[in-house]
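Top to bottom, those sequences are chains A and B. The letter at position 182 of the first sequence is residue 426 when you use this note's numbering, and the numbering goes up by one with no holes. The letter at position 86 of the second sequence is residue 330 when you use this note's numbering, and the numbering goes up by one with no holes. We put the CB at the ideal spot given by N, CA and C, even for glycine. Working notes for the structure below.
Number of protein chains: 2
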Amino acid sequence: MIYKNILSSLLSFLFISTFFIQPVQANKTDIVIGMADGLTVPFALAAGLSGAVQSNAIVITAGIAEIVAGSIAMGLGGYLAGKTEQEHFQSELNREYEEVENIPEKEKEEVKLIFSQYGINERTQNIIVDELSNDKHKWVDFMMKYELGLEEPDVNRAMNSAATIGISYIVGGLIPLSAYFFTRTPFQGLLISALLTVICLFLFGYFKSKVTGQPPLKGAMKVTLIGVTAAAAAFLVAKAFNSVL
Amino acid sequence: MIYKNILSSLLSFLFISTFFIQPVQANKTDIVIGMADGLTVPFALAAGLSGAVQSNAIVITAGIAEIVAGSIAMGLGGYLAGKTEQEHFQSELNREYEEVENIPEKEKEEVKLIFSQYGINERTQNIIVDELSNDKHKWVDFMMKYELGLEEPDVNRAMNSAATIGISYIVGGLIPLSAYFFTRTPFQGLLISALLTVICLFLFGYFKSKVTGQPPLKGAMKVTLIGVTAAAAAFLVAKAFNSVL
Chain A
245 MIYKNILSSL
255 LSFLFISTFF
265 IQPVQANKTD
275 IVIGMADGLT
285 VPFALAAGLS
295 GAVQSNAIVI
305 TAGIAEIVAG
315 SIAMGLGGYL
325 AGKTEQEHFQ
335 SELNREYEEV
345 ENIPEKEKEE
355 VKLIFSQYGI
365 NERTQNIIVD
375 ELSNDKHKWV
385 DFMMKYELGL
395 EEPDVNRAMN
405 SAATIGISYI
415 VGGLIPLSAY
425 FFTRTPFQGL
435 LISALLTVIC
445 LFLFGYFKSK
455 VTGQPPLKGA
465 MKVTLIGVTA
475 AAAAFLVAKA
485 FNSVL
Chain B
245 MIYKNILSSL
255 LSFLFISTFF
265 IQPVQANKTD
275 IVIGMADGLT
285 VPFALAAGLS
295 GAVQSNAIVI
305 TAGIAEIVAG
315 SIAMGLGGYL
325 AGKTEQEHFQ
335 SELNREYEEV
345 ENIPEKEKEE
355 VKLIFSQYGI
365 NERTQNIIVD
375 ELSNDKHKWV
385 DFMMKYELGL
395 EEPDVNRAMN
405 SAATIGISYI
415 VGGLIPLSAY
425 FFTRTPFQGL
435 LISALLTVIC
445 LFLFGYFKSK
455 VTGQPPLKGA
465 MKVTLIGVTA
475 AAAAFLVAKA
485 FNSVL
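Dropping the structure here:
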C-alpha cells in the first residue's frame, strides 16, 4: 500500500530532523511535553472524524493538516512569545535603571516596603537600603527580581524549546494517525489508534510528570484522562453533527 | 439551508454560555487569549482540508471535531494543571515549615546567601535573619517567595481561567468555520474564511497584546503571521498528501 511508503518516508524525515535538532541541544523535558500534547488533539480529531466519515484518507489528511497547523502555531508561537518576553524584560530593565537614576528616593521606599511586609523593622530597612544602593547594578537586579518578579529570559533556550516542542508534537501526533495508514476503515483505525494512543498517553504522561517533578502515576492518569475525554467528546459531537449535515 | 439553522442554534448556545460563565467572573484577558488561539488552528485545519476535499460538510465536521477536542484539552488541561500547581505549592510549603522547625540554622544560611548576592554585608545579613526568624509564618512566606520563587496559586481563578479560555476557543474557532456554512464549495469557503479570519486575527491579536501589556500593533501582526503561516503550511501539506493518497 502507498500509505506504508508515505509513513516510512515521514518517519525517516523525522529521524533525520532529530539529528538536526540534536546539535542545538534538544531538552528532554520539551520532547516529552511536545509528544504528550501531540498525542492528544490529533488523536481526538481522528477519533471524531472516524465516527463521521467513511474513508481513512480523509482522516489522515485532516490529521496531517492538524499536526502541521498545531506544530507551527506552537513552534512559531513559542518563538515569538520568547522574543516578546525578552523585549519586555529589556524595557523593564531600562525603566528600572532610569528610576534608580532619577527617583532614587521612591525606589528606596519600594525596597523598604518589601521588607516591612516580612516584619523587618525600619532601622534594619534603612541599613539594607543603604548597602543595596551602593551598587547600582545589584540594586537594579534586586528590583527586577524581588519587586517585579522578572528573571532574564534565555532567548536561545526559548527558541530551541519551541522548535523541540513543535517537532515532538509532530512525532506524537503521527502515533494515533499511524493506525489509519494500516487499516481499511475508519472504525478499524479508531480501535487500533485508541489502543495505541492510550498506552502512549499513559507512558508519555508518566515521563512528562517525572521530568516536571510531579507524582508520575497520577500525572500519567491525568494526561490519559484529558486525551480520552477529548476524543470521546469529539467523536460524539462529530457524529451528531454529521448526521444533520 | 440546514447549515444556517445549526449555526444559529450554536451561536444562541454560546450566547447563553456567556451568561453562565459571567457570574463566575470571566476575565477579559482569558476571553481574548482563548479567542485569538481558537482562530488559529481551526482556521488552518479548515484551510488545509479545503485544498484536499470536495465537500464543505467534511471541512465543517473536521473543524467541529478539532474545536471540541482543542477546547477540552485546553480547558481540562488547564484545570488539572491548576490543581497540580496547588498541590506542588502545598507540599513545598509543608517542607519549608518542617525545615524552619528542624534545621533552622541551614535555613538561616539560605537567607544570608540570598542577600550576599546583592552585596549586603555579613553583619546586616545577621540582623535580617534575626528579625525574620522571629515570626515563623513570615519567615516561611519569605522563603517561599524569595528562595523558591513560588506564590500561592489561586485555584478558583485557575479553573475559571481554564473554563473561560476553553469556551472562548470554541467561539474563536467557529469564526473561520462559519464561512463554510454559507458557501457551496471548500474553495469559496476558504476565500471568505481567510478574509474573515485575517481581520479577526489582527483584531484579537491587537486586543490580546493590549491586555497582556505588549505593543498592540506589533502583537497584532505576530498573531496574524502565526495564523496565516500555519494555514498556508497546512494547505500545502494536505494538498500534497491528498494527491498521493
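Spatial neighbours of residue i in its chain, beta-carbon cut-off 6 Å, leaving aside the 5 residues before and after
i, result
"B/Gly-326", "Val-399, Ala-402, Met-403"
"B/Glu-310", "Pro-286, Leu-289"
"B/Leu-282", "Strictly speaking, residue 282 of chain B in this sequence is Gly, with Leu absent from that position. Tyr-413, Gly-416, Gly-417."
"B/Leu-491", "No answer is possible for residue 491 of chain B: the residues shown for chain B start at 245 and end at 489."
"B/Tyr-450", "Pro-460, Ala-464"
"B/Gln-432", "none"
C-beta contact flag for residue i and residue j at 7 Å
i, j, result
"A/Pro-460", "A/Lys-454", "yes"
"B/Ile-568", "B/Asp-274", "In the structure as shown, chain B begins at 245 and stops at 489. Residue 568 of chain B is therefore absent and cannot be evaluated."
"A/Val-373", "A/Val-344", "no"
"A/Pro-441", "B/Ile-371", "As written in the sequence, residue 441 of chain A is Thr, which differs from the Pro given in the question. Contact flag unset, no."
"A/Val-312", "B/Ala-306", "no"
"A/Ser-294", "A/Leu-439", "no"
"A/Met-387", "A/Glu-342", "no"
"A/Ile-358", "A/Tyr-390", "yes"
Closest residue to residue i among the options (Cα-Cα distance)
i, options, result
"B/Gly-314", "B/Val-415, B/Ser-360, B/Phe-386", "B/Val-415"
"A/Ala-406", "A/Ile-316, A/Ser-294, A/Val-303, A/Ala-478", "A/Ile-316"
"B/Glu-351", "B/Ile-371, B/Glu-331, B/Val-384", "B/Val-384"
"A/Gly-393", "A/Pro-348, A/His-332, A/Thr-427, A/Gly-307", "A/His-332"
"A/Leu-324", "B/Thr-468, B/Thr-429, B/Leu-421", "B/Thr-468"
"A/Glu-366", "B/Leu-447, B/Leu-376, B/Ala-478", "B/Leu-376"
"A/Ile-277", "A/Phe-479, A/Val-481, A/Ile-364, A/Thr-456", "A/Thr-456"
"A/Gly-363", "B/Gly-363, B/Asp-379, B/Glu-349", "B/Asp-379"
"B/Glu-396", "B/Thr-328, B/Pro-430, B/Gly-321, B/Gln-432", "B/Thr-328"
Alpha carbon of residue i to alpha carbon of residue j, nearest angstrom
i, j, result
"A/Lys-483", "A/Glu-336", "51 Å"
"A/Phe-425", "A/Ala-301", "8 Å"
"A/Ala-476", "A/Ala-291", "8 Å"
"A/Ile-419", "B/Leu-447", "36 Å"
"B/Met-279", "A/Leu-480", "23 Å"
"B/Gly-322", "A/Leu-320", "21 Å"
"A/Leu-492", "A/Gln-458", "Nothing about residue 492 of chain A can be reported from this structure: the residues present for chain A run from 245 to 489 only."
"B/Met-318", "B/Glu-349", "44 Å"
"A/Gln-334", "A/Glu-353", "23 Å"
"B/Lys-382", "A/Ile-304", "57 Å"
"A/Asn-338", "B/Asn-338", "38 Å"
Close beta carbons around residue i, own chain, < 7 Å, minus the five adjacent residues each side
i, result
"B/Asn-486", "Ala-296"
"A/Val-268", "Note that A/Val-268 scores a pLDDT of 48, beneath 50, so its modelled location is shaky and nothing firm can be said."
"B/Thr-284", "Ile-470, Gly-471, Ala-474"
"A/Ile-436", "Ala-423, Thr-427"
"B/Lys-272", "Val-455"
"A/Gln-330", "Pro-397, Val-399"
Listed by chain order, chain B residues near residue i by CB distance under 7 Å
i, result
"A/Glu-375", "Gly-363, Ile-364, Asn-365, Thr-368"
"A/Phe-386", "Tyr-362"
"A/Val-455", "Per Cβ cutoff of 7 Å: no residues; A/Val-455 is ~14 Å from chain B at best."
Cβ shell of residue i (< 8 Å), same chain only, five flanking positions each side left out
i, result
"A/Ile-308", "Leu-421"
"A/Gln-266", "For A/Gln-266, the pLDDT reaches just 46, beneath the cut-off of 50, and the residue's location in the model is therefore unreliable, although a value from the coordinates is still provided. There are no such residues."
"B/Ser-299", "Pro-430"
"A/Lys-462", "Ser-453"
"B/Ser-360", "Glu-366, Gln-369"
"A/Ile-443", "none"
"A/Phe-263", "With a pLDDT of 48 at A/Phe-263, under the threshold of 50, the modelled position of this residue cannot be trusted, and the question is left open."
8 Å Cβ cut-off: residues of chain A touching residue i
i, result
"B/Leu-283", "Here the premise fails: no neighbours, minimum Cβ distance about 10 Å."
"B/Ile-371", "Thr-368, Ile-371"
Chain A residues whose Cβ lies nearer than 9 Å to that of residue i
i, result
"B/Ala-317", "Asp-281, Thr-284, Val-285, Ala-288, Ile-470, Gly-471, Thr-473, Ala-474"
"B/Thr-429", "Within 9 Å Cβ-Cβ: nothing; B/Thr-429 doesn't reach chain A, min ~15 Å."
Cross-chain neighbours of residue i in chain B, by beta carbon under 8 Å
i, result
"A/Asn-378", "Gly-363"
"A/Val-312", "Ala-288, Gly-292, Ala-474, Ala-477, Ala-478, Val-481, Ala-482"
"A/Lys-352", "The premise fails here: A/Lys-352 is roughly 14 Å from chain B at the closest Cβ pair, so nothing lies under 8 Å."
Contacts that residue i makes with chain B (C-beta to C-beta distance below 9 Å)
i, result
"A/Gln-458", "Thr-328, Glu-331, His-332"
"A/Val-297", "Ile-302, Thr-305, Ala-306"
Within chain A, partners of residue i - CB distance below 7 Å
i, result
"B/Ile-308", "Val-481, Ala-482, Phe-485"
"B/Lys-382", "Tyr-362, Gly-363"
"B/Gly-321", "Ile-470"
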